[in-house]
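Protein sequences appear in the order of chains H and G. Quick note on full-length UniProt numbering: the first sequence kicks off at 1 and runs consecutively. Quick note on full-length UniProt numbering: the second sequence kicks off at 1 and runs consecutively. Report on the following structure.
Number of protein chains: 2
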Amino acid sequence: MLSKNLTKYLHSLQLKKFRLEHNAFLVEGAKSVLELLTADFQTELVVVTEQFYKENTQKLEKQPFRLEIATADELARAGTLQTNDAALAVVKTKDNDFLYAEKGEYVLILDDIRDPGNLGTIIRIADWYGITKIVCSQTTTDWYNPKVIAASKGSFTRVRGYYAELTAYLEKVRNMEHGTQIYGTFLEGKNIHQTTFGDTGYIVMGNESNGIGPTVEQFVIHKITIPRFGGAESLNVGIAAAVVLDNWRRG
Amino acid sequence: MLSKNLTKYLHSLQLKKFRLEHNAFLVEGAKSVLELLTADFQTELVVVTEQFYKENTQKLEKQPFRLEIATADELARAGTLQTNDAALAVVKTKDNDFLYAEKGEYVLILDDIRDPGNLGTIIRIADWYGITKIVCSQTTTDWYNPKVIAASKGSFTRVRGYYAELTAYLEKVRNMEHGTQIYGTFLEGKNIHQTTFGDTGYIVMGNESNGIGPTVEQFVIHKITIPRFGGAESLNVGIAAAVVLDNWRRG
Chain H
1 MLSKNLTKYL HSLQLKKFRL EHNAFLVEGA KSVLELLTAD FQTELVVVTE
51 QFYKENTQKL EKQPFRLEIA TADELARAGT LQTNDAALAV VKTKDNDFLY
101 AEKGEYVLIL DDIRDPGNLG TIIRIADWYG ITKIVCSQTT TDWYNPKVIA
151 ASKGSFTRVR GYYAELTAYL EKVRNMEHGT QIYGTFLEGK NIHQTTFGDT
201 GYIVMGNESN GIGPTVEQFV IHKITIPRFG GAESLNVGIA AAVVLDNWRR
251 G
Chain G
1 MLSKNLTKYL HSLQLKKFRL EHNAFLVEGA KSVLELLTAD FQTELVVVTE
51 QFYKENTQKL EKQPFRLEIA TADELARAGT LQTNDAALAV VKTKDNDFLY
101 AEKGEYVLIL DDIRDPGNLG TIIRIADWYG ITKIVCSQTT TDWYNPKVIA
151 ASKGSFTRVR GYYAELTAYL EKVRNMEHGT QIYGTFLEGK NIHQTTFGDT
201 GYIVMGNESN GIGPTVEQFV IHKITIPRFG GAESLNVGIA AAVVLDNWRR
251 G
């Protein structure tokens with residue numbers, strides 16, 4: 001059974017304020033927790049159902065974290081998932097280390113992505129396309145929000161995030177010696193089907209309603225657009241990120 | 001003020017049973033309702049806030065539907081949207097007319113898409129890429145579910161849906177005289193970046209967890225795959241549909 005104190009602690013981590021205070025976040029769901037166990041994270045606590053424990057004893061034993069057994073109901077009440085699931089973990093957040101595109105690499109930059117579901121989806125897509133670094137504006141939703149972690153479907157274990165004031169950040173990286181191409185999606189840009197991507201670079205995706213802001217826009221060297229063939233006004237930012245990364249990988 | 005009976009009627013349309021009984025569905029939100037007013041649909045009733053009425057009087061007057069004014073609160077209570085919005089409509093469903101790919105055209109086929117948000121997103125993406133016909137398996141979630149209509153962001157006015165038993169449907173269309181290419185996404189298929197798409201065809205997307213079922217698989221001539229470069233296990237079906245259609249349009 002989960003103690004009152006523990007349940008209270010788990011609840012508190014739904015709020016950014018307490019995640020910052022404890023330098024910890026929630027990972028919910030059997031699949032995400034299993035991915036976590038093989039990843040390079042400092043796990044503090046794992047709560048699982050008896051069934052999950054029986055099926056994964058080997059993976060759970062001999063690990064340095066505290067392990068608790070709870071019922072599916074207790075787990076559901078402790079976490080944010082609406083459906084019962086079999087596992088939940090409390091994990092130490094990573095330091096906000098500076099990230100940049102090394103030679104031959106691409107980094108995704110997010111300018112003011114507000115929706116946690118969108119950020120999580122973008123992390124998953126970045127992971128699919130082999131991008132391991134995402135730089136977020138300080139107005140972008142919190143990477144460690146349980147909805148972001150859930151929507152990333154385990155990809156949060158393979159993709160790193162770095163929050164920065166984007167103007168200062170772009171100022172710094174655009175003069176790197178190996179040369180840097182900065183791409184950004186706009187309604188009026190070059191058709192992405194005719195775009196060739198340089199060796200090393202950054203791809204900027206903008207806010208759900210307003211796109212890339214004017215201060216960040218000044219740093220974008222290549223304005224690109226996903227061509228439209230029908231009547232829809234726009235694409236969701238996660239969808240757009242996937243299409244852009246697919247075109248980038250296609251070369 | 002909305003009468004009790006009217007509120008009850010609006011509520012009932014959240015359920016498929018009553019949508020079928022009344023041959024009607026809900027369109028919620030100012031933006032969707034405005035798109036509806038210029039589209040080819042038989043609108044039965046429009047409920048708007050006074051503010052919305054003032055701003056759109058011309059568009060709302062002289063139309064053959066019943067018009068009601070309500071408060072934002074009443075609208076929120078009558079509909080399914082969690083946030084208040086300014087307009088809601090009741091619209092007659094279209095007949096389930098047979099759809100197929102005419103010469104030079106592509107049709108999207110959905111095999112067992114269960115999530116309304118996914119179906120709505122796919123309708124929006126199809127619309128962006130100029131696809132106007134979607135054929136759904138009978139197990140696919142209801143096109144007229146308010147969540148589908150909302151997620152389509154007005155694209156439901158430009159894209160038609162047709163529900164069919166897919167085996168019989170594919171049996172019928174694969175022998176059409178103008179020749180038909182049937183493409184389907186699988187984990188182990190030909191790299192979509194190296195795929196060329198024929199002049200006329202069908203693209204099948206499968207269920208969120210299980211992909212395309214074995215009976216439908218038999219009809220797929222070209223098995224295609226979105227290449228993966230990183231660690232994520234899968235892509236959401238809406239994301240996958242966008243990437244496939246972008247590759248198709250790229251030629």
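For glycine and all other residues, C-beta sits at the position ideal for the given N, C-alpha and C.
In terms of beta-carbon proximity, Ser32(H) stays away from the interface with chain G, with every pair separated by 8 Å or more.
Below 8 Å, too few C-beta pairs join the region 161-181 of chain G and the region 68-83 of chain G to call them touching: fewer than three.
Chain-ordered, the chain H residues with CB closer than 7 Å to the CB of Tyr129(G) read Phe229 and Gly230. Where His22(G) is concerned, the enclosing alpha helix (DSSP H) starts and stops at Lys16 to His22.
Contact with chain G is absent for Ile149(H), since none of that chain's Cβ atoms lies less than 8 Å from the residue's Cβ.
A Cβ of chain H is located within less than 8 Å of the beta carbon of Thr121(G). Taking a beta-carbon distance threshold of 8 Å, Asp85(G) does not count as an interface residue toward chain H. A direct Cα-Cα distance of roughly 9 Å separates Asn56(H) from Leu34(H). Beta-carbon to beta-carbon, Thr141(G) and Leu119(G) are separated by about 5 Å, close enough to satisfy the 8 Å threshold.
When C-alpha distances from Val107(G) are compared across Gly184(G), Leu37(G), Leu60(G) and Thr43(G), the shortest belongs to Gly184(G). Look at the region 40-62 of chain H: it has no residue with a C-beta under 7 Å from a C-beta of chain G. Ranked by Cα distance from Ala151(G), the options Ser32(G), Pro64(G) and Val135(G) are led by Ser32(G). In the displayed model, Gly201(G) falls within a strand according to three-state DSSP.
The beta-carbon of Val135(G) is placed no less than 8 Å from the nearest beta-carbon of chain H. No Cβ-Cβ contact shorter than 8 Å links Phe197(G) with Gly238(G).
Restricting attention to Arg114(H), Glu68(H) and Asp95(H), the CA atom closest to the CA of Asn210(H) is found in Arg114(H). Separation of the CB atoms of Ile192(H) and Ile224(H) is rounded to 5 Å, and the pair is thereby assigned contact status at 8 Å. With three or more CB-CB distances shorter than 8 Å, the region 153-162 of chain H counts as touching the region 117-132 of chain H. A straight line joining the alpha-carbon of Glu50(H) with that of Val135(G) spans about 44 Å. Under the three-state reduction of DSSP output, Lys133(H) falls in the strand class.
Cα atoms of Asn175(H) and Phe219(H): separation of roughly 11 Å, rounded to the nearest angstrom. Taking 4 residues as the shortest admissible run, the UniProt domain "MRM3-like substrate binding" (8-64) of chain G contains the following complete alpha helix (DSSP H) segments, listed from N- to C-terminal end: 16-22, 30-37, 50-55 and 57-60. At the C-beta level, Val47(H) and Ala87(H) come within 8 Å of one another. For Ala242(H), the closest Cβ of chain G is nearer than 8 Å.
The alpha-carbon separation between Ala241(G) and Val27(H) amounts to approximately 28 Å. Within the region 206-240 of chain H, the residues whose Cβ lies closer than 9 Å to some Cβ of chain G are Ile226, Pro227, Arg228, Phe229, Gly230, Gly231, Ala232, Glu233, Ser234, Leu235, Asn236, Gly238, Ile239 and Ala240, listed in chain order. Take His11(H), set aside five residues on each side of it, and the residues of its chain with a beta-carbon closer than 8 Å to its own are Ala78, in chain order.
For Lys153(G), the three-state secondary structure derived from DSSP is coil.
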